[in-house]
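Here the structure comes first, spelled out in C-alpha cells, and everything after it is commentary.
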Amino acid sequence: MTVRIYDSKQQAVVDLQPLKAGEVSMYVCGPTVQSSPHIGHVRSAVAHDLWRRWLAYRGNRVTFVRNVTDIDDKVLVNAVDEPWWALAYRIELEFTAAYRAVGVLAPTYEPRATASVTEMHALIALLIERGHAYPALDGSADVYFDVRSWEQYGALTRQSIDKMEPAADADPRGKRDPRDFALWKASKDGEPESASWESPWGAGRPGWHIECSAMSRKYLGDAFDIHGGGLDLRFPHHENELAQSAAAGLGFASVWSHNGLVNVNGEKMSKSLGNSIFAADLLSTVRPIVVRYLLAASHYRSTIDLRTEGGSLEGGSLTEAEAAFGRIEAMLERARRVGELPETDVPDAFGAAMDDDLSTPQAVAVLHDTTRAANAALDAGDSGAALALAGEALAMLRALGLDPADAVWHSGMSASSGAPQSAALTSLVETLLAERREARAAKDFAASDRIRDALAAAGILVEDGKQTTTWSIA
RNA sequence: GGUGGGGUGGCCGAGUGGUGAGGCAACGGCCUGCAAAGCCGUGUACGCGGGUUCGAAUCCCGUCUCCACCUCCA
5 MTVRIYDSKQ QAVVDLQPLK AGEVSMYVCG PTVQSSPHIG HVRSAVAHDL
55 WRRWLAYRGN RVTFVRNVTD IDDKVLVNAV DEPWWALAYR IELEFTAAYR
105 AVGVLAPTYE PRATASVTEM HALIALLIER GHAYPALDGS ADVYFDVRSW
155 EQYGALTRQS IDKMEPAADA DPRGKRDPRD FALWKASKDG EPESASWESP
205 WGAGRPGWHI ECSAMSRKYL GDAFDIHGGG LDLRFPHHEN ELAQSAAAGL
255 GFASVWSHNG LVNVNGEKMS KSLGNSIFAA DLLSTVRPIV VRYLLAASHY
305 RSTIDLRTEG GSLEGGSLTE AEAAFGRIEA MLERARRVGE LPETDVPDAF
355 GAAMDDDLST PQAVAVLHDT TRAANAALDA GDSGAALALA GEALAMLRAL
405 GLDPADAVWH SGMSASSGAP QSAALTSLVE TLLAERREAR AAKDFAASDR
455 IRDALAAAGI LVEDGKQTTT WSIA
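According to this note's numbering, the stretch in the first sequence is residues 5 to 478, in order.
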C-alpha cells in the first residue's frame with residue numbers, strides 16, 4: 005500500500021516512492037540553538053515524528069537525521085556571559101528535553117554543523133568549480149552562491165529572481181547580485197577565535213544554508229527521500245539548500261515536506277508581541293501527552309491556533325484537548341479492568357487516513373469512534389467486543405506515539421520518589437471508601453456524601469460503578 | 001508588487017458533487033440513593049452575489065475579507 009505525501013515543491017500530494025524499496029531517508033531541519041524552544045519547535049518535531057512512526061508502521065526502515073545548527077550569527081550574539089559553544093550546548097539540551105517530553109523519538113543521528121565543516125568546504129569547492137559560486141569580489145573571505153548562474157533558482161517557492169528583495173546577510177559590495185547568499189562568511193574582528201575555521205578562501209564560518217546540504221549528503225547520500233522542516237524555512241533556507249545541492253549536481257530531496265506554524269489567539273508568535281509559548285512553560289502546565297495529542301489531532305500542514313484564556317494556558321485549546329484525550333485514557337482503564345487488551349493492527353479506516361498525507365484529524369476521529377464503541381460494549385457487558393475495540397484503540401494510539409502506558413510519559417521524578425506518598429494516599433483513600441461503602445449499605449447517604457465531598461475537596465474524584473467504586477486524582 | 005494558504009454550526013476542526021467526520025461546550029433521556037462517568041438523542045453550518053447540475057460546502061465566474069512568506073524564524 006502506498007503512502008501519499010504532499011510535496012511542497014510540486015504543490016501536490018504524491019505517492020511516496022522511496023529510492024530504495026522498504027527504506028526511507030528523512031532529513032529534517034532542526035533548531036538553531038540560540039534561544040529556548042517554544043511550541044512551534046515542538047510542533048515541528050512532533051509532525052515529523054508522526055511521519056517517521058507512520059512510515060515505520062508501514063514497514064519501512066526509516067533513517068531519520070535532524071541537525072543542530074550550533075554556529076550562527078545569533079548564537080554568537082546571544083552568548084553574552086558564556087562562550088558561544090556553551091550557550092549552543094545548553095540550548096541544545098533544552099531542545100532534547102522538550103522533544104523527549106512529548107515523545108519524539110531520538111533521531112537516527114543528530115549532527116552538529118560544527119562537526120561537518122570539512123564537508124561544507126568540499127561542497128563549496130565543488131560549486132566554485134562548477135561556476136555557481138565565487139569568492140567575494142571585495143577580497144574578504146566570503147564566498148557567495150551565484151543565483152544568476154542557476155536558472156532554476158526560485159523553483160521551490162515559485163518565485164522569480166527579479167521580483168525578490170535583496171539579501172542582507174553580507175556586505176553587498178562583495179556580491180555579483182544582491183540576491184546572492186553566503187556559503188562561507190569571513191571571520192570579523194571581535195569574533196571569538198573558537199568560532200573561526202580555516203578554509204581555502206580564508207578563515208571564517210559556515211553560511212546558514214550550506215550545512216544542511218553538506219550534512220544531508222554526508223549522512224543520507226547525494227539523493228534522499230524526504231526533506232522536512234517548518235513552513236517558515238521554505239524561503240530562503242530550503243530554496244537556497246536546493247539551489248546549492250542541485251547546482252553541485254546532487255539529486256538531493258525527492259519530496260519537500262513542511263509543517264504549518266503555531267499561532268497564539270490568532271496572532272503569530274513573536275518576541276515583540278511577547279506571546280511566545282515556551283516549551284518549558286507549556287510542559288509544566290499541561291501533561292506532555294496531551295500536548296502531543298493536541299498537535300497530532302490537527303493536520304500537520306495546517307496552522308494551529310492555540311487559544312488561551314486570559315493569558316493562561318489553562319482553559320483554552322489545551323483544556324479541551326485534555327478533556328478529549330482523557331476520555332480515551334479512561335476507556336482504556338475501564339477495559340483493562342475487564343481483561344488484557346489484544347495486540348491488533350490499526351483499523352483500515354485509520355490506516356487509510358494516515359496513508360493519505362498523514363490525515364491525522366480523520367485518523368483521530370476513528371480513534372474517538374472506536375472509543376465510543378468500546379464504552380458502549382463495556383456498558384453492555386460485552387467484554388469480548390470491548391477488549392477487541394480497546395485493543396484497536398491502543399494500536400492507533402501507539403501508531404501516533406500516544407500510548408499512555410509508554411515509559412516516556414512516566415519518566416522523571418514522579419514514579420520513584422512519589423511511591424511512598426502514593427502508597428500512603430491509597431491507604432487513606434481506601435479506608436475512607438470502606439467507611440463510605442458501609443454508610444451506603446446502611447442507606448446513610450448523608451454520611452456517604454460527606455465522605456465523597458471531603459475527598460473531592462482534596463482533589464480526589466470518587467465514581468460509583470455498578471459493582472465497584474473507583475477514585476482518581478482530578 | 002510577487003508567491004502561497006484560509007473564511008464551515010456557540011467554539012475548534014475534517015470534508016472536492018449525492019442520507020450533517022470527530023472533538024469541546026450546551027440541552028433532553030437512560031443509568032444512579034444523589035452524583036460522576038458512560039451510552040442514546042437534540043443543530044435548518046458552510047464569507048457574499050451570480051452560474052452549471054436532478055443535486056453544490058465541494059465545480060465555474062465575480063466579489064469581500066483574513067493570514068503567511070518574499071534573505072532572523074520550527
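Glycine residues also receive a C-beta, built at the ideal position from the N, C-alpha and C atoms.
**Prompt:** Is the CB-CB distance between Met335 and Thr375 below 7 Å?
**Reply:** Numbered from 1 along the first sequence, position 331 holds the residue referred to as residue 335. Numbered from 1 along the first sequence, position 371 holds the residue referred to as residue 375. It is a contact, given that the beta carbons lie within the stated cut-off.
**Asked** Whose C-beta lies closer than 6 Å to the C-beta of His52 among residues of the same chain, with five residues either side of it excluded?
**Response** Against the first sequence, residue 52 aligns to sequence position 48. Closer than 6 Å at Cβ, skipping near neighbours: Val32, Gly232.
**Request:** Give the straight-line distance between the Cα atoms of Arg65 and Gly225, rounded to the nearest whole angstrom.
**Result:** Residue 65 sits at position 61 when you count from the first residue of the first sequence. Residue 225 sits at position 221 when you count from the first residue of the first sequence. Taking the straight line joining both Cα atoms gives about 16 Å.
**Asked** DSSP three-state call for Met30: helix, strand or coil?
**Response** The residue given as residue 30 occupies position 26 in the first sequence. Here Met30 sits in strand by DSSP.
**Prompt:** Which residues share a DSSP beta bridge with Asn267?
**Reply:** In the first sequence, residue 267 corresponds to position 263, counting from 1. In the DSSP output, where bridge partners are listed per residue, Asn267 has Lys272, Asp309.
**Prompt:** For Val266, which option in His42, Gln15, Thr6, Gly26 has the closest C-alpha, if you only look at C-alpha atoms?
**Reply:** Sequence index remark: in the first sequence, residue 266 carries index 262 (1-based). Shortest Cα-Cα distance from Val266 to any of His42, Gln15, Thr6, Gly26 involves His42.
**Request:** Could you tell me which residues DSSP puts in a beta bridge with His231?
**Result:** For the purposes of this step, residue 231 is identified with residue 227 of the first sequence, where counting begins at 1. Tyr31, Trp260, per the DSSP bridge assignment.
**Message:** Check whether the region 110-122 and the region 149-166 touch, using three or more Cβ-Cβ pairs below 8 Å as the test.
**Reply:** Output reads no: the region 149-166 does not touch the region 110-122.
**Asked** Given a threshold of 16 other Cβ atoms within 10 Å of its Cβ, counted over all protein chains shown, does Ser316 qualify as buried or as exposed?
**Response** Residue 316 sits at position 312 when you count from the first residue of the first sequence. Under this definition Ser316 is an exposed residue.
**Request:** In the DSSP assignment, find the beta strand (DSSP E) that holds Pro210 and state where it starts and stops.
**Result:** Along the first sequence, read from residue 1 onward, the residue named residue 210 stands at position 206. Residue range 208-210 is occupied by the beta strand (DSSP E) that includes Pro210.
**Opening and closing residue of the beta strand (DSSP E) in which Arg456 lies** = For this step, residue 456 is matched to residue 452 along the first sequence. Following the DSSP letters along the chain, one finds Arg456 in no beta strand (DSSP E) but inside the alpha helix (DSSP H) bounded by residues 449-461.
**Request:** Provide the residue(s) that pair with Pro2 in DSSP beta bridges, ordered along the chain.
**Result:** The structure shown does not extend to residue 2, since the chain spans only 5 to 478, so no value can be given for it.
**Request:** With distances taken Cα to Cα, identify the nearest neighbour of Arg104 among Ala300, Pro346, Asp181, Val46.
**Result:** Within the first sequence, residue 104 is the residue found at index 100, counting from 1. Ranked by Cα distance from Arg104, the first of Ala300, Pro346, Asp181, Val46 is Val46.
**Asked** Using DSSP with H/G/I as helix, E/B as strand and the rest coil, what is Ile464?
**Response** Within the first sequence, numbered from 1, the residue matching residue 464 stands at position 460. Three-state result, Ile464: strand.
**Message:** Please classify Arg514 as buried or exposed, where buried requires at least 16 other C-beta atoms within 10 Å of its C-beta.
**Reply:** Past the edges of the chain, shown from 5 to 478, lies residue 514, and the structure says nothing about it.
**Request:** List the whole-angstrom C-beta distance separating Ala227 from Gly255, where the pair is believed to meet the contact cut-off of C-beta under 8 Å.
**Result:** Position 223 of the first sequence, counted from the first residue, corresponds to residue 227. Position 251 of the first sequence, counted from the first residue, corresponds to residue 255. Gly255 and Ala227 do touch by the CB rule: their CB atoms are close to 3 Å apart, below 8 Å.
**Request:** Quick one: using the 10 Å Cβ neighbour count with 16 as the cut-off for buried, is Gly405 buried or exposed?
**Result:** For this step, residue 405 is matched to residue 401 along the first sequence. Gly405 is buried by the Cβ-count criterion.
**Request:** Would you mind reading off the limits of the beta strand (DSSP E) that contains Asp24?
**Result:** Taking the first residue of the first sequence as position 1, residue 24 is located at position 20. Position check: residue 24 holds Lys in this sequence, whereas Asp was assumed. Where Lys24 is concerned, there is no enclosing beta strand (DSSP E), given that its DSSP letter is neither H nor E.
**Request:** Mind listing, in chain order, the continuous beta strand (DSSP E) runs of no fewer than 3 residues lying wholly within the region 290-356?
**Result:** Every unbroken stretch of the beta strand (DSSP E) spanning 3 or more residues and falling wholly within the region 290-356 is given here in chain order: 308-310.
**Prompt:** Per DSSP, Lys13 is paired with what?
**Reply:** Position 9 of the first sequence, counted from the start, is the residue given in the question as residue 13. Paired residue(s): none; Lys13 is not in a bridge.
**Cβ-Cβ separation, Pro204 to Ala129 (assumed contact under 8 Å), whole Å** = The count along the first sequence starts at 1 and reaches residue 129 at position 125. The count along the first sequence starts at 1 and reaches residue 204 at position 200. Sure, about 7 Å apart at Cβ, within 8 Å.
**Residues that DSSP places opposite Val72 in a beta bridge** = Position 68 of the first sequence holds residue 72. Its beta-bridge partners are Arg116.
**Request:** Would you mind stating whether Glu98 and Ser40 have Cβ atoms separated by less than 7 Å?
**Result:** Locating residue 98 in the first sequence gives position 94, counting from the first residue. Locating residue 40 in the first sequence gives position 36, counting from the first residue. Closer than 7 Å, so yes.
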